[in-house]
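As structure tokens, the structure follows; a few thoughts come after it.
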Amino acid sequence: MPHRAVRDNFRGRFDGVGENLGLKICKLNEKIDLPPDKKDGNSGGNKPENKEKALRQMANFRFGEESAKAYKIAFERLGKAAKAHADCEIFEIKTSTRVLLGTGNASVFEFGFNLNYPWGVPYISGSTLKGAVSSYLARNGGKDWEIFDGAEKSRLQVDMFGGRLQGDSKSYVGLVTFLDAWMCPWASRDGQGDWFDMDIITPHYTSYYNGEGAPTGMDDPKPIKIAALCPGLRFQVILQGPEKHRKYVRRMLWELLEEEGIGGKTAVGYGRFEYIKNAQERSEEIGKKIQDVELVSELVELYKAYKNINEHGVLFAEKLREYGYDSDSGIEGMWKSLLPLDYLAIQLNDDLIKTFKDLKIRYKDFGNNISHWKKRFGVTDLSKSPEGKKLFDLMLAKWPEQIYANTDTKVVNELAYKWVDLSYSADELLDIIEGEVDLRWPKRDKLREYIEGNFFGDELELLVVCLDDAGL
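Counting in numbering that gives the first Met the number 0, the sequence shown runs from 0 upward without gaps.
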């Protein structure tokens, strides 16, 4: 007597609202429990139209917004937990081609897939990654990794990934542990489902695969529809173990994923991944490009590409100084943005700023650039910076009377250095007081205050006497 499946109690209740693809396909698909077809003996769930329905569900499935938020929280918690362990290595990989994973898993629809629990989101099992790297090293790792005398694994494979040695009944734990690679939070594709594309594989040697003779090519090809992970999906890989071994395995995994791939149909280009550099690696790569650039035109192009990344501003500025200023080289805009005070000093020196009024306007216009420059170089007081002092000295040489008369203007107030900024010795101050040094700035009316606050004992007494004699 046939028994009614438990899923019958839920049939129809989740139509249109199910947000777990694994549950939707494996547990709630009404076609699974159909009786065998009288003609071919296959289960009703194995009929082409039922398989087609499941494939469409996979290809068109979109994860619900609320479920995606919850998944993201779980994903981030996993990463945070891994980062708390000093022996963990975390990085991301991205599908660069379609990928077939879990195709050998048992399924009523004749095609397999990997969906994690409880989310129903695609993932790459740790055992898949470990097995792939182990096999790759056995073939490409050199003599020490080769397998001899019918053994299942070499000693290095057992040491690194675990398993049994030939003639040894014990099973050993490997040095490196592979956690399941969770899919990183994703962006929905326009007009398509989130993760899968419908695809076809066509076995040409069915009899041979079934152990029924040689691959003669006389069999009729049988197209089989499947669901493949689409390109552009990212996965978070977590390795755990000693640092030396982790980094070696990571490097081998990158090679494997790029050159050979994992999963089904790798021989025809499926299963390829690319390594996603982390923020530090990307920054180091960009920094090296900037340092190695040889032509001004190349520097301009790099700046256009990376000017919004603030951490590279210092490198760009140093490179600009290395090349020097040239109004015809196409880098004037870079000078204005990255070295605003130097640019204004060049303009003053070349007599391109004619009046003090023009300078005040230009300085005001450069306000944002100067603020960014201060932040980039860690400058808190412009008057204490070499660039600020140089610009102010040029101003002072060009318009001394106007500088003295406009000490409250923004440009003078921010750039004018003070006695305390100059660090004169007592002997140097004596020469200044006695008029032996022609010093235009700072104003001498602040000199006594500076001396009384920074000198002591005999030096202070001598300097004060000289100030009195000079009437200062």
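Beta carbons are placed, not taken as given, at the ideal position from N, Cα and C, and that holds for glycine.
Residue i (DSSP reduced to helix, strand or coil)
{"i": "Gly263", "result": "strand"}
{"i": "Glu88", "result": "strand"}
{"i": "Glu18", "result": "coil"}
{"i": "Tyr171", "result": "strand"}
{"i": "Ala186", "result": "coil"}
{"i": "Glu433", "result": "coil"}
{"i": "Glu472", "result": "This structure leaves residue 472 out entirely; the chain is present only between 0 and 471."}
{"i": "Pro399", "result": "helix"}
{"i": "Lys77", "result": "Rather than Lys, the amino acid found at residue 77 in this sequence is Leu. If DSSP states are grouped into helix, strand and coil, Leu77 belongs with the helices."}
{"i": "Val98", "result": "strand"}
{"i": "Leu466", "result": "helix"}
{"i": "Phe391", "result": "helix"}
{"i": "Tyr274", "result": "strand"}
{"i": "Arg3", "result": "Note on Arg3: pLDDT 48, under 50, position unreliable in the model; the coordinate value appears next. Looking at Arg3 - three-state DSSP - the assignment turns out to be coil, as it is neither helix nor strand."}
Residue environment, residue i, which counts as buried when at least 16 other CB atoms sit within 10 Å
{"i": "Lys50", "result": "buried"}
{"i": "Gln279", "result": "exposed"}
{"i": "Asp193", "result": "buried"}
{"i": "Ser133", "result": "buried"}
{"i": "Ser326", "result": "exposed"}
{"i": "Lys221", "result": "exposed"}
{"i": "Pro117", "result": "exposed"}
{"i": "Asn139", "result": "exposed"}
{"i": "Asp407", "result": "exposed"}
{"i": "Ser384", "result": "buried"}
{"i": "Lys71", "result": "exposed"}
{"i": "Thr102", "result": "buried"}
{"i": "Thr94", "result": "buried"}
{"i": "Ser336", "result": "buried"}
{"i": "Arg97", "result": "buried"}
{"i": "Phe455", "result": "exposed"}
{"i": "Tyr324", "result": "buried"}
{"i": "Lys152", "result": "buried"}
{"i": "His203", "result": "exposed"}
{"i": "Gly240", "result": "buried"}
{"i": "Ile308", "result": "exposed"}
DSSP beta-bridge partners of residue i
{"i": "Lys224", "result": "Ile199"}
{"i": "Gln235", "result": "Glu91 and Trp181"}
{"i": "Thr406", "result": "In DSSP, Thr406 forms no bridge with anything."}
{"i": "Gln112", "result": "Here the sequence assigns Phe to residue 112, which means Gln is not the residue at that position. According to DSSP, which records beta bridges pairwise, Phe112 is partnered with nothing at all."}
{"i": "Tyr121", "result": "The sequence shown places Pro at residue 121, not Tyr. In the DSSP output, where bridge partners are listed per residue, Pro121 has Leu114."}
{"i": "Thr205", "result": "In the DSSP output, where bridge partners are listed per residue, Thr205 has none listed."}
**In chain order, each alpha helix (DSSP H) run of at least 4 residues that lies wholly inside the stretch 127-164** = 154-160
**Prompt:** In chain order, which alpha helix (DSSP H) runs of at least 4 residues are fully inside the stretch 303-384?
**Reply:** 312-322, 331-337, 339-348, 355-364 and 366-376
**Prompt:** Just checking, does the stretch 126-133 make contact with the stretch 175-189 on the three C-beta pairs under 8 Å criterion?
**Reply:** yes
**Message:** Within 8 Å, do at least three Cβ pairs link the stretch 222-242 to the stretch 190-206?
**Reply:** yes
**Asked** Can you find at least 3 beta carbon pairs, one from the stretch 144-163 and one from the stretch 85-95, that sit closer than 8 Å?
**Response** no
**Item:** Three or more C-beta pairs below 8 Å linking the stretch 277-297 and the stretch 312-332
**Value:** yes
**Request:** Kindly confirm or deny that the stretch 203-217 and the stretch 265-278 touch, where touching means at least three C-beta pairs closer than 8 Å.
**Result:** no
**Request:** For the stretch 348-367 and the stretch 396-416, state whether three or more C-beta atom pairs, one from each stretch, are separated by less than 8 Å.
**Result:** yes
**Request:** Determine contact between the stretch 181-191 and the stretch 56-74, defined as no fewer than three beta-carbon pairs at a distance below 8 Å.
**Result:** yes
**Message:** I want to know whether the stretch 155-175 touches the stretch 264-272 - three or more CB-CB distances under 8 Å.
**Reply:** no
**Prompt:** For the 8 Å Cβ check, are there 3 or more pairs between the stretch 345-355 and the stretch 303-313?
**Reply:** no
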